[in-house]
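Report on the structure given below.
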Amino acid sequence: MERKRTIGFYLATTWLALCAFMTVFGNMLPFRAYDDYDFDAIGVGLFSPHHILGTDFDGADMLAAIIHGTRMSMIISIVSVIGASLIGGALGILAAYRRGWVDAAISMYFNITLSIPTLILVLAMVAVFASPDPFDPSAGLPRSQVLVLSLTFVLIPVLGRLARSSALSWTGREFILVAQAMGLKRRQIMWTHLVPNVIPAMMSIGFLAAGIVIVVEGGLAILGVGTDPGQSWGSILAKNRGDLSIVPHTTLIPAACIALTVMSLNFFGDFFRSKIDGRESRI
Amino acid sequence: MSALFEISDLRISFETKRGQLHAVRGVSLDVGKGESVGIVGESGSGKTVMSRASMGLLRGKRVIRSGSVKLEGVELLTMADNEIREYWGTRIAMVFQDPMTALNPVRRIGAQMNESLIKRLGMSKSEATKRSLELLELVKLAEPASQIKKYPHQLSGGMRQRVMIAMAIACGPEILFADEPTTALDVTVQAQVLDLLEDLRKELDMAMVIVTHDLGVVAGHTDKIAVMYAGEVVEFAPTRELFANTKMPYTEALMKSIPRLDRQKEKRIPVIPGRPPDPTEHNPGCSFAPRCQYAQQKCRDEHPTLEDAGGGHMYRCFFPIGGR
Chain F
-19 MERKRTIGFY LATTWLALCA FMTVFGNMLP FRAYDDYDFD AIGVGLFSPH HILGTDFDGA
41 DMLAAIIHGT RMSMIISIVS VIGASLIGGA LGILAAYRRG WVDAAISMYF NITLSIPTLI
101 LVLAMVAVFA SPDPFDPSAG LPRSQVLVLS LTFVLIPVLG RLARSSALSW TGREFILVAQ
161 AMGLKRRQIM WTHLVPNVIP AMMSIGFLAA GIVIVVEGGL AILGVGTDPG QSWGSILAKN
221 RGDLSIVPHT TLIPAACIAL TVMSLNFFGD FFRSKIDGRE SRI
Chain L
856 MSALFEISDL RISFETKRGQ LHAVRGVSLD VGKGESVGIV GESGSGKTVM SRASMGLLRG
916 KRVIRSGSVK LEGVELLTMA DNEIREYWGT RIAMVFQDPM TALNPVRRIG AQMNESLIKR
976 LGMSKSEATK RSLELLELVK LAEPASQIKK YPHQLSGGMR QRVMIAMAIA CGPEILFADE
1036 PTTALDVTVQ AQVLDLLEDL RKELDMAMVI VTHDLGVVAG HTDKIAVMYA GEVVEFAPTR
1096 ELFANTKMPY TEALMKSIPR LDRQKEKRIP VIPGRPPDPT EHNPGCSFAP RCQYAQQKCR
1156 DEHPTLEDAG GGHMYRCFFP IGGR
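Protein chains in written order, with the working numbering: chain F, -19 to 263; chain L, 856 to 1179.
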């Protein structure tokens, strides 16, 4: 049975479409630039003239900041999830299909990486690789790139193990033996029979993972190792959290964006999975 | 006439935690060109292991193989992986038991059929599609043009088995193994699939080995039948001869246990008491002796050899039905 498309599904889709639109076209929209501070309207509330979502204590327009932040948050999460899916997926499928020492080595790598606490690992990577000064690129990589790299690194074993277990459940199926008995090579079997079966499972988890990454990125920003101040939803929130009692909208709006996106992604992932499960049960 | 496919003294064991499991214990079998041979036995008699092993599909460290399997004089058993792969599909092919799991659920029928044609025979995509349609027509699947666009779950079991057969014969093998080709199908469809296999064998001049637990399945569709028990061939005879002049008590017991319409209503179907021997154990006597109603002391002490009754009829019994 396919799950019915509820109102929640449409709301989630709409929000994600809006986020996608802002990610791609955000800085072409006829809004104020996010770094164009309006010193005549510092810390104004919602629906004030010229600033629909108000401004923070620096005079930054919240709407412009949020639109700009969307891009960074989305790109970090999408790039790291896609990167980790490709690398982790390839490793996981390879491990499941080759078994033996290949499987042992890859699984050991997954398990070792998983045993390192995520937060500490990312903190360490930002501290080592990132430039301490956002305006001096020569001192190291930009923080956003280090974040993408470290989040990808953290996600590889999570998605990789999923790919491995999913692939394992398919390698025992008879159609693999059939393909073998038709004289196909191992590599051909892996590409044409294993990969297409593993991809749907990876995609449904990919949506959930994208949501988790956005939350983690927000958490890192609050710890001071997120993107540069005001660049992503998390760092907008981090930057303004001291002013919560005076101008609450400056923290509540980015927080709401994060919450809405994560909820939408989870919803979408669930919907996607129920579609796959439905298909699986009809086999 | 030298046989197309010769199995001699094939032994297959598996390393398990409980010790060596002897699945096949010295099977010899010849299959001539265009000939059809049935292999019959109950679950665990080693018939599937034998057919997979003789195709060379059983490989790996835990499989202990000895004996010989030759296709036109070329030894297959010791062949390297990449060499034997060249034989699979094009010279020796297999139809598997369960058409429900033997097709990849996420790929269309056409894509799966084209795969071996493109990768093994080097056809272009349009050539392969054309050939797939011909093959589906050959296996008498209705409306092949619309079927190749479908996914496996959209086809019935019988239709899927036809697709599997079409895939198996796609590259023109000389010998086709059919491992329980009809077990997963409805009785009405079973007959159709068996007739189809028979027609294809004649049309393509292909040898065929049908592995089944059902004597009825192979009765009308084979030239010879080998009855297997506990990893051994216990009786081997031309089909007619086997039914007319059964020698081995096990074969007789199998025949008696076939349900029949003309049997008295109140009577139970005679079953063979007990169960097949544990393949990890070694029994000095006849492997069927513990379940045999004619068994005598000699049967429990000595292992019978394969005796020749003349006319290609072989049996493994000290006290055959109807005497020596």
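Yeah, the Cβ is synthetic: ideal placement off N, Cα and C, and Gly gets one too.
Looking at the DSSP output, F860 of chain L sits in a beta bridge with L:V886, L:L926. Secondary structure of P999 of chain L (DSSP, three-state): helix.
Under the Cβ criterion (8 Å, minimum of three pairs), the stretch 1055 to 1068 of chain L counts as touching the stretch 893 to 908 of chain L.
Here the C-alpha atom of L876 of chain L lies approximately 22 Å from the C-alpha atom of D1156 of chain L. Residues are counted here when their Cβ sits less than 8 Å from a Cβ of chain L; for the stretch 139 to 172 of chain F these are R153, E154, F155, L157, V158, A159, Q160, A161, M162, G163, L164, K165, Q168, T172, given in chain order.
In this structure, L:E1035 is the residue among L:R873, L:A997, L:E1035 with its C-alpha nearest to the C-alpha of Q952 of chain L. For M1169 of chain L, the pairing in a beta bridge is given by DSSP as L:F1091, L:D1163.
When only Cα atoms are considered, G1013 of chain L and Y89 of chain F end up about 46 Å apart. Taking the Cα of A161 of chain F as reference, the smallest distance to any Cα among L:L958, L:T1160, L:I1124, L:F1173 is reached at L:L958. Legend: CB atoms of the stretch 966 to 979 of chain L lying less than 9 Å from CB atoms of chain F belong to residues A966, Q967, E970, S971, K974, R975. For M1103 of chain L, not one C-beta of chain F is nearer than 8 Å to its own C-beta.
Residue environment analysis places V108 of chain F among the exposed positions, since fewer than 16 neighbouring C-beta atoms fall within 10 angstroms of its C-beta. Per the C-alpha coordinates, the member of F:P29, F:M42, F:S124 positioned closest to L200 of chain F is F:S124.
By the rule that beta-carbons nearer than 8 Å mark a contact, T945 of chain L touches chain F. Within 7 Å of the CB of M1063 of chain L, no CB atom of chain F is found; the nearest one sits about 15 Å away. Neighbours of A957 of chain L in chain F, taken as residues at a C-beta separation under 7 Å, are given in chain order as E154, F155, V158. Put simply, the CB of P176 of chain F is near chain L, with a gap under 8 Å to one of its CB atoms. Boundaries of the alpha helix (DSSP H) harbouring A1046 of chain L: 1042 to 1059, taken from the DSSP string. Here the C-alpha atom of D885 of chain L lies approximately 17 Å from the C-alpha atom of A1164 of chain L.
Counting only residues of its own chain and dropping the five nearest sequence neighbours on each side, K980 of chain L has a CB closer than 8 Å to the CB of N969, I973. Taking A878 of chain L as the centre and dropping the five residues before and after it, the same chain places the C-beta of I867, S868, F869, G901, V904, G1086, P1134 closer than 7 Å to its C-beta, in chain order. Each residue's CA atom was taken as its position, placing A1025 of chain L and V994 of chain L some 11 Å apart. According to the DSSP assignment, F133 of chain F belongs to the alpha helix (DSSP H) that extends over 123 to 151.
The criterion of a C-beta distance shorter than 8 Å is satisfied by I169 of chain F and A159 of chain F. The DSSP-derived three-state label of H31 of chain F is strand. When F:F133, F:G222, F:R144 are compared, the shortest CA-CA separation from I56 of chain F is found for F:F133. When the beta-carbon positions are compared, L121 of chain F and A110 of chain F come within less than 8 Å of each other. Interface criterion met: the Cβ of A948 of chain L is under 8 Å from a Cβ in chain F. Listed along chain F, the residues sitting closer than 9 Å to E941 of chain L by beta-carbon distance are G163. With the rule of 3 Cβ pairs closer than 8 Å, the stretch 1048 to 1059 of chain L does not count as touching the stretch 926 to 939 of chain L. Here the alpha carbons of A45 of chain F and A(-8) of chain F stand approximately 22 Å from one another. Burial state of G965 of chain L is buried, judged by a 10 Å Cβ sphere holding 16 or more other Cβ atoms.
In chain order, P176, N177 make up the part of chain F whose C-beta sits under 7 Å from the C-beta of V961 of chain L. Residues of chain F with a Cβ closer than 7 Å to the Cβ of M905 of chain L do not exist; the shortest Cβ-Cβ separation is about 15 Å. Inter-residue distance for Y1006 of chain L and G152 of chain F is about 20 Å (C-alpha atoms, whole angstroms). Between L188 of chain F and L245 of chain F, the C-beta spacing is below 8 Å.
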